[in-house]
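For the protein sequence lines, the chains are A and B, in the order given.
This note's numbering numbers the first residue of the first sequence as 5 and each following residue consecutively.
This note's numbering numbers the first residue of the second sequence as 5 and each following residue consecutively.
No residue lacks a Cβ here, since even glycine has one placed at the ideal position from N, Cα and C.
2 protein chains.
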Amino acid sequence: MTKSSTKVTALDVAKRAGVSQPTVSRVFSRGSMVRKSVREKVEAAARDLGYMPNTLARSLITGKSRTIGVVVAYLNNPFYPEALEKLSASLNAKNYHISIFFAANLDDEVDPVIEKLLAQQVDGMILASVSISNKLSQRLNEVGIPFVLFNRGQLGDNIASVTAANYSGGRKAAEFLVAAGHSRIAHISGWQKSLNGQQRQAGFTDYLNQQGMEAFACIDGEFSREKAAQVTRDLFAGDKKPDAIFVGNDHMAFAVLETLKTELRLNVPNDVSLIGYDDVQMASWKTFDLTTLRQPANRMVEATTSMLLNMIEDPATLRQKIEIESELIVRGSARIPDNWPKSEK
Amino acid sequence: MTKSSTKVTALDVAKRAGVSQPTVSRVFSRGSMVRKSVREKVEAAARDLGYMPNTLARSLITGKSRTIGVVVAYLNNPFYPEALEKLSASLNAKNYHISIFFAANLDDEVDPVIEKLLAQQVDGMILASVSISNKLSQRLNEVGIPFVLFNRGQLGDNIASVTAANYSGGRKAAEFLVAAGHSRIAHISGWQKSLNGQQRQAGFTDYLNQQGMEAFACIDGEFSREKAAQVTRDLFAGDKKPDAIFVGNDHMAFAVLETLKTELRLNVPNDVSLIGYDDVQMASWKTFDLTTLRQPANRMVEATTSMLLNMIEDPATLRQKIEIESELIVRGSARIPDNWPKSEK
DNA sequence: CTGAAAGCGCTTACAG
DNA sequence: CTGAAAGCGCTTACAG
Numbered sequence: 005m006t007k008s009s010t011k012v013t014a015l016d017v018a019k020r021a022g023v024s025q026p027t028v029s030r031v032f033s034r035g036s037m038v039r040k041s042v043r044e045k046v047e048a049a050a051r052d053l054g055y056m057p058n059t060l061a062r063s064l065i066t067g068k069s070r071t072i073g074v075v076v077a078y079l080n081n082p083f084y085p086e087a088l089e090k091l092s093a094s095l096n097a098k099n100y101h102i103s104i105f106f107a108a109n110l111d112d113e114v115d116p117v118i119e120k121l122l123a124q125q126v127d128g129m130i131l132a133s134v135s136i137s138n139k140l141s142q143r144l145n146e147v148g149i150p151f152v153l154f155n156r157g158q159l160g161d162n163i164a165s166v167t168a169a170n171y172s173g174g175r176k177a178a179e180f181l182v183a184a185g186h187s188r189i190a191h192i193s194g195w196q197k198s199l200n201g202q203q204r205q206a207g208f209t210d211y212l213n214q215q216g217m218e219a220f221a222c223i224d225g226e227f228s229r230e231k232a233a234q235v236t237r238d239l240f241a242g243d244k245k246p247d248a249i250f251v252g253n254d255h256m257a258f259a260v261l262e263t264l265k266t267e268l269r270l271n272v273p274n275d276v277s278l279i280g281y282d283d284v285q286m287a288s289w290k291t292f293d294l295t296t297l298r299q300p301a302n303r304m305v306e307a308t309t310s311m312l313l314n315m316i317e318d319p320a321t322l323r324q325k326i327e328i329e330s331e332l333i334v335r336g337s338a339r340i341p342d343n344w345p346k347s348e349k
Numbered sequence: 005m006t007k008s009s010t011k012v013t014a015l016d017v018a019k020r021a022g023v024s025q026p027t028v029s030r031v032f033s034r035g036s037m038v039r040k041s042v043r044e045k046v047e048a049a050a051r052d053l054g055y056m057p058n059t060l061a062r063s064l065i066t067g068k069s070r071t072i073g074v075v076v077a078y079l080n081n082p083f084y085p086e087a088l089e090k091l092s093a094s095l096n097a098k099n100y101h102i103s104i105f106f107a108a109n110l111d112d113e114v115d116p117v118i119e120k121l122l123a124q125q126v127d128g129m130i131l132a133s134v135s136i137s138n139k140l141s142q143r144l145n146e147v148g149i150p151f152v153l154f155n156r157g158q159l160g161d162n163i164a165s166v167t168a169a170n171y172s173g174g175r176k177a178a179e180f181l182v183a184a185g186h187s188r189i190a191h192i193s194g195w196q197k198s199l200n201g202q203q204r205q206a207g208f209t210d211y212l213n214q215q216g217m218e219a220f221a222c223i224d225g226e227f228s229r230e231k232a233a234q235v236t237r238d239l240f241a242g243d244k245k246p247d248a249i250f251v252g253n254d255h256m257a258f259a260v261l262e263t264l265k266t267e268l269r270l271n272v273p274n275d276v277s278l279i280g281y282d283d284v285q286m287a288s289w290k291t292f293d294l295t296t297l298r299q300p301a302n303r304m305v306e307a308t309t310s311m312l313l314n315m316i317e318d319p320a321t322l323r324q325k326i327e328i329e330s331e332l333i334v335r336g337s338a339r340i341p342d343n344w345p346k347s348e349k
């Protein structure tokens with residue numbers, strides 16, 4: 005292999021192979037027909053020079069960067085690293101790559117990031133757990149850059165999203181806890197300014213109400229460990245104490261469990277049953293052994309990338325709000341109702 | 005704001021503002037002098053049209069993409085999500101953005117990713133916990149794309165890296181455990197094919213040897229939870245059992261702690277003292293309360309990005325191997341020697 | 001199948 | 001300070 009200390013272009017390869025520059029281009033852009041002998045000559049020359057097409061130039065001319073902008077709220081919650089890896093794998097398999105940004109869930113952090121992504125000419129965007137301002141979503145529609153919200157629903161006609169079936173997940177949590185005989189069931193909810201948090205809570209309380217019951221309490225944990233721990237303390241500060249807690253996600257549930265065991269010296273599940281939401285990998289650690297509703301990251305990712313790529317290929321593609329059913333994963337942190345059907349671990 | 009369903013270019017703005025296209029360019033590329041009245045006219049026109057310079061075209065011509073390729077081995081170990089967020093923040097602050105890829109630590113996964121990054125015309129690369137083949141590192145040097153290894157050293161003259169001072173960290177772990185009176189100290193090491201793993205072990209055993217002691221055992225945990233748990237079981241299977249364990253990173257240490265408590269029913273630190281390495285956020289959770297050596301992610305990230313950007317600006321920049329001292333963070337998982345100086349939590 | 005020509009949307013000397 | 005011109009490294013009709 006010949007050393008090349010400076011950038012080698014298609015023209016260099018063309019000269020070395022004795023062909024025109026467009027022919028080199030044809031060899032490297034799939035679908036073009038080049039005579040086999042010519043192709044081999046070009047490939048040999050390219051190999052010798054260490055040539056590789058400049059994707060910047062290619063993107064400029066094709067109008068497709070094959071880049072997907074991914075915006076993630078925070079990686080604190082272990083659901084996101086897991087999802088991010090899977091998103092990357094799925095997109096790479098489809099020959100796209102990721103430009104990533106982190107942004108807290110505030111318009112004034114998210115909007116500038118989206119502008120940057122726009123300047124980078126991304127072909128589409130995935131917004132994980134961040135919401136988008138109306139202004140921006142309109143803007144994206146105008147310039148024709150499709151986007152899908154991942155794990156965060158948002159009202160609005162033209163907004164595609166992929167989430168768990170949060171309402172029905174909330175119901176399932178309540179159903180399980182009621183079936184186990186609990187009567188003082190508290191809910192430390194997901195952030196009530198997010199649809200995820202609202203819907204999980206709505207499903208939970210609706211089921212309870214339909215059984216003629218009321219929630220012991222519903223308090224916003226704001227998807228924060230600290231807040232969830234504080235709410236837990238408050239919940240047990242009075243005379244009347246809950247006998248079960250449904251927590252809006254696993255990330256908070258770990259903090260609740262810790263507070264219950266380490267601070268309040270309670271036994272889980274004997275004193276209190278605990279249910280989370282997500283089924284992140286840590287939930288299955290023996291340390292936590294958390295009963296939870298699984299958000300199937302694989303399927304959510306697959307739904308997200310395929311919808312997004314469809315939107316990119318065909319702008320007329322419907323902006324769906326896809327909900328993926330959550331399965332209850334029964335582990336040791338919550339009392340198991342008699343006759344409850346066995347589930348895998 | 006005028007709606008624009010199609011892409012708006014500098015030329016459109018120029019026409020609307022009644023100036024030439026290069027003048028528009030000058031307004032948007034910093035440093036160029038434009039009369040104030042003209043600048044304002046152009047900015048107004050740009051705002052009306054929703055114009056934003058196409059960074060692809062800009063990069064093509066300047067030869068700088070302001071993109072840093074980041075390759076991460078896996079996000080399993082919570083150190084990486086934490087570091088990744090910080091890397092992103094640091095790079096964004098310097099007006100760079102990230103193109104991210106995940107690759108297992110194998111040449112045949114890493115090399116193709118680096119090729120892709122090369123085609124994308126990244127200005128530099130950060131390789132987090134992946135090693136690079138000699139072929140590729142030579143190649144990168146030839147094409148003049150600087151890179152720095154993050155949290156993974158590698159021998160070789162022209163290879164820049166930022167790591168913890170792993171050897172001295174290993175020594176500190178041994179020193180602390182010896183001072184606490186332990187005499188049967190085992191080491192579940194980091195992956196012995198990584199310099200991190202080797203050096204932490206070397207520091208540990210060297211200190212012991214200098215005290216006239218020997219390690220109870222040194223077994224490779226391979227940075228894997230499963231492997232670490234299995235090694236823990238093996239360690240306690242015989243008649244002679246360790247009274248302390250130094251684990252090659254926190255990620256494994258959590259699995260060791262779990263096995264110790266949940267499976268082997270041992271009390272930590274009364275039966276066994278445990279020390280990890282990294283000080284990821286979880287280490288401070290009461291659930292784990294892990295004594296550990298802190299890898300200061302902030303400082304490592306800062307060292308990484310500033311060295312990389314220096315290399316980008318001035319190719320003559322020395323390829324340093326920067327080591328950042330690890331501080332021992334004393335928590336509850338290991339017996340505390342008498343008279344040990346108090347440290348912050 | 002292949003070459004000559006045009007052009008993607010910018011930046012950057014070069015004149016004025 | 002500003003415009004006309006050239007050019008970054010490709011792809012894509014258009015002829016042949």
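| query | result |
| --- | --- |
| Restricting to Cα atoms, I'd like to know which of A:G54, A:Q124, A:I149 is closest to A:T321. | A:I149 |
| Could you tell me the distance, in whole angstroms, from the CA atom of B:Y281 to the CA atom of A:V272? | 30 Å |
| Mind checking A:L239: buried by the 16 CB within 10 Å criterion, or exposed? | buried |
| Could you tell me which of A:K245, A:S165, A:N109 sits nearest to A:R188, measuring between CA atoms? | A:K245 |
| With 8 Å set as the bound, which would you pick, yes or no: does the beta-carbon of B:A123 sit closer than that to a beta-carbon of chain A? | yes |
| Considering only residues of the same chain and omitting the five flanking positions on each side of B:V126, which have a CB-CB separation below 8 Å? | S69, T71, I72, G73, S103, I149 |
| Assess, as a yes-or-no matter, whether the stretch 76-88 of chain B is touched by the stretch 32-41 of chain B under the definition of 3 or more beta carbon pairs within less than 8 Å. | no |
| Taking only three categories from DSSP, how would you classify A:H255? | helix |
| Could you pull out every residue in the same chain whose Cβ sits closer than 8 Å to the Cβ of A:E86, ignoring the five residues on either side in sequence? | V284, Q285, A301 |
| Please confirm if B:H186 has its CB atom under 8 Å from at least one CB of chain A. | no |
| For a minimum of 3 consecutive residues, which ranges assigned as the beta strand (DSSP E) are wholly contained in the stretch 78-127 of chain A? | 101-106 |
| Give me the Cα-Cα distance between A:A259 and A:R237, rounded to the nearest whole angstrom. | 11 Å |
| Pull up the DSSP beta-bridge partners for B:Y281, would you. | B:L297 |
| Using a Cβ cut-off of 7 Å, pull out every chain A residue sitting near B:P341, in sequence order please. | Chain A residues near B:P341: none, gap ~25 Å exceeds 7 Å. |
| Check whether the stretch 126-135 of chain A touches the stretch 307-324 of chain A, taking contact to mean three or more Cβ pairs, one atom from each stretch, closer than 8 Å. | yes |
| DSSP three-state label for B:G160, please. | coil |
| What three-state label does DSSP hand A:M129 in the structure shown? | strand |
| Using DSSP bridges, identify the partner residues of A:D224. | A:S193 |
| Is it true that the stretch 176-191 of chain B meets the stretch 149-163 of chain B, where meeting means three or more beta-carbon pairs spaced less than 8 Å apart? | no |
| Rounded to whole angstroms, what is the Cα-Cα separation between B:V75 and A:M217? | 52 Å |
| Can you list, in chain order, the residues of its chain with a C-beta nearer than 7 Å to that of A:L268? Leave out the 5 residues immediately preceding and following it. | F240 |
| Per DSSP, what kind of secondary structure is A:T66 in: helix, strand or coil? | helix |
| Between the Cα of A:D247 and those of A:A21, A:L159, A:R175, A:A219, spot the shortest distance and give me the residue it belongs to. | A:A219 |
| Using beta-carbon positions only, say whether A:L297 and A:L278 come within less than 8 Å of one another. | no |
| Report the start-end ranges of each beta strand (DSSP E) in the stretch 319-345 of chain A that is 3 residues or longer and not cut off at the edges. | 325-328, 331-333 |
| If I follow the unbroken alpha helix (DSSP H) through A:N236, where does it start and stop? | Residue identity check: residue 236 of chain A is Thr in the sequence provided, not Asn. Note, A:T236: alpha helix (DSSP H), 229-239. |
| Please tell me whether A:P85 has its Cβ less than 8 Å away from any Cβ of chain B. | yes |
| Express the C-alpha separation of B:K120 and A:E44 in angstroms, rounding to a whole number. | 22 Å |
| For A:V12, I'd like the list of residues in its chain whose CB is within less than 8 Å of its CB, leaving aside the five on either flank, ordered along the chain. | L53, G54, Y55 |
| Going by the CB atoms, is the gap between A:H191 and A:F105 shorter than 8 Å? | no |
| CB of A:E331 to nearest heavy atom of the ligand ADP: below 7 Å? | For the ligand ADP, the structure offers nothing, since it holds no ligand at all. |
| What does B:S69 reach in chain A if we use C-beta pairs closer than 9 Å? | L60 |
| Please work out which residues of its chain come closer than 8 Å, Cβ to Cβ, to B:Q205, disregarding the five sequence neighbours upstream and downstream, and give them in chain order. | G174, H191, S193, G194, Q196, C222, G252 |
| What does A:I149 touch in chain B if you count any residue whose Cβ is under 8 Å from its own? | Here the premise fails: no neighbours, minimum Cβ distance about 10 Å. |
| Hey, could you find the ends of the alpha helix (DSSP H) A:G207 is sitting in? | 199-214 |
| Of all the CB atoms in chain B, is at least one closer than 8 Å to the CB of A:M304? | no |
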